[in-house]
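Report on one structure; see the data block that follows.
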Amino acid sequence: MTDTSLQPSFNFLANEDLEKKNRRARTPLMVLRNPTFVIFTLVVFFFNLANSSVLPLVMQTLSVEDRQTNALLSSLCIIIGQSFMTFFAKICGDYSPIWGRKRLFVTGLFALPLRCFLLFCLELAKDSAEAPAEVQFINFLILSTQILDSVGAGIVMTLYILVTNDISGGTGRFSLLLGITTAAFGLGGTLSGYIGQALAQDFGYHYAFMVLGFMSLIPACIYLLFMPETLPDYAKPQPKKRRRLLKLFRELKAKASCSAPINGSPPRIEMVSFERLEENSGRKTEFVQQTGEWT
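Oh and the sequence shown: position 203 is 316 in my numbering, straight run, nothing missing.
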């Protein structure tokens, strides 16, 4: 029987060899009891619980001395974050099938604690700075930490959809799982705004960044220690030689099926299985040999 876990969630009826009972989508309760999905939902909730309030706090710290520059600095925070976020999102799309989902996702998760730690140190330095030039330089450094926001949010917001699709593979419940993970994102962001502003108002910005940094370690450690690699086999790139052989086989098959019969006999092409040669410089080479001929 074919392993349905290797099938994409939107294509769970594609394999004609599946039994009839396996062609039906799994029940929602069965999908929600998946421990991998439960862990992943907690990860995205805690990540956004720590991440959503960091950007508003950064914009407030930049404009607390000069309120006239509030709009300009706030715009720069968003422009820098969105610009680099596009770049890291493209990296996720290009290299997640090669490197795996977990490596990139862990990188994005640990970018948030690093960002909060830098903001905590910069806020302490800013409180002790006296010269206006020092304050301006520290504000520039605070603004530059938005690159780490691009790393964290760009990677996590891109990969969480792919990881959700990996977990829902073969279940037919991709929309259900995506809705739950998106709701976890939204709930974490809602609570994060209240927690971040309350900490900044009662204890100061540096204390708020410190607490948010420790909170951001929770999803990073959970994903690193308990979350398995979710990249399925069908999403992994095939070797170039393997792709060329498959392309050759498809071309010969199409030529055989489209050609008109010759002398009353249909064309016949027989393909021999891949034969492996001896190792050459540590690499094995595959080749295909055509033994049939047109009759």
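We put the CB at the ideal spot given by N, CA and C, even for glycine.
Please name the residue, chosen from the options, that lies closest to residue i on a Cα-to-Cα basis.
i, options, result
"Val269", "Ala238, Ser329, Val324", "Ser329"
"Val323", "Ile308, Val219, Lys349, Phe253", "Note on identity: in this sequence residue 323 is Met, with Val being the wrong assignment. Nearest C-alpha to Met323: Ile308."
"Asp262", "Thr174, Cys190, Leu365", "Cys190"
"Leu168", "Val156, Leu155, Leu186, Ile293", "Leu186"
"Phe197", "Ser257, Thr149, Leu155", "Ser257"
"Asp207", "Gln314, Asp240, Lys349", "Lys349"
For residue i, does the count of other Cβ atoms within 10 angstroms reach 16, so buried, or fall short, so exposed?
i, result
"Leu142", "exposed"
"Thr277", "buried"
"Val177", "exposed"
"Ala311", "exposed"
"Ile211", "exposed"
"Lys134", "The predicted position of Lys134 is uncertain, since its pLDDT is 48 and thus under 50; no value can be drawn from it."
"Tyr336", "buried"
"Ser188", "exposed"
"Ser288", "exposed"
"Asn253", "Strictly speaking, residue 253 in this sequence is Phe, with Asn absent from that position. Exposed, because fewer than 16 other Cβ atoms sit within 10 Å of the Cβ of Phe253."
"Arg216", "exposed"
"Thr343", "buried"
"Leu222", "buried"
"Ser165", "buried"
"Ser122", "Reliability of the predicted coordinates at Ser122 is poor, the pLDDT of 47 falling under 50, and no value is obtained from them."
"Ser209", "buried"
"Arg228", "buried"
"Glu236", "buried"
"Ala244", "exposed"
"Asp279", "buried"
"Glu383", "Residue placement at Glu383 cannot be trusted, given a pLDDT of 45 that sits under 50; the coordinates are not used to answer."
"Gly267", "buried"
"Arg363", "exposed"
"Phe316", "exposed"
"Lys239", "buried"
"Ala296", "exposed"
"Asn339", "It is Phe, not Asn, that sits at residue 339 in the sequence shown. Under this definition Phe339 is an exposed residue."
How about residue i and residue j: are their beta carbons less than 8 Å apart?
i, j, result
"Val264", "Ala202", "no"
"Ile193", "Gln259", "yes"
"Leu290", "Ser281", "yes"
"Val151", "Ala333", "no"
"Gly302", "Asn161", "yes"
"Leu232", "Ile204", "no"
"Tyr318", "Leu170", "yes"
"Gly326", "Phe200", "no"
So, under 8 Å CB-CB, residue i and residue j are touching, yes? Tell me the CB distance rounded to an integer number of Å.
i, j, result
"Thr284", "Arg139", "5 Å"
"Phe153", "Leu300", "So it is not a contact: roughly 15 Å between Cβ atoms."
"Ser305", "Ala184", "The pair is not a contact, with the Cβ atoms about 23 Å apart (cut-off 8 Å)."
"Arg214", "Leu175", "Their Cβ separation, rounded to whole angstroms, is 34 Å, which puts Arg214 and Leu175 out of contact at 8 Å."
"Thr149", "Pro341", "6 Å"
Are there any heavy atoms of the ligand COA lying less than 7 Å away from the beta-carbon of residue i, as far as the coordinates show?
i, result
"Gly301", "The model on display carries no ligand, and the ligand COA is accordingly not part of it."
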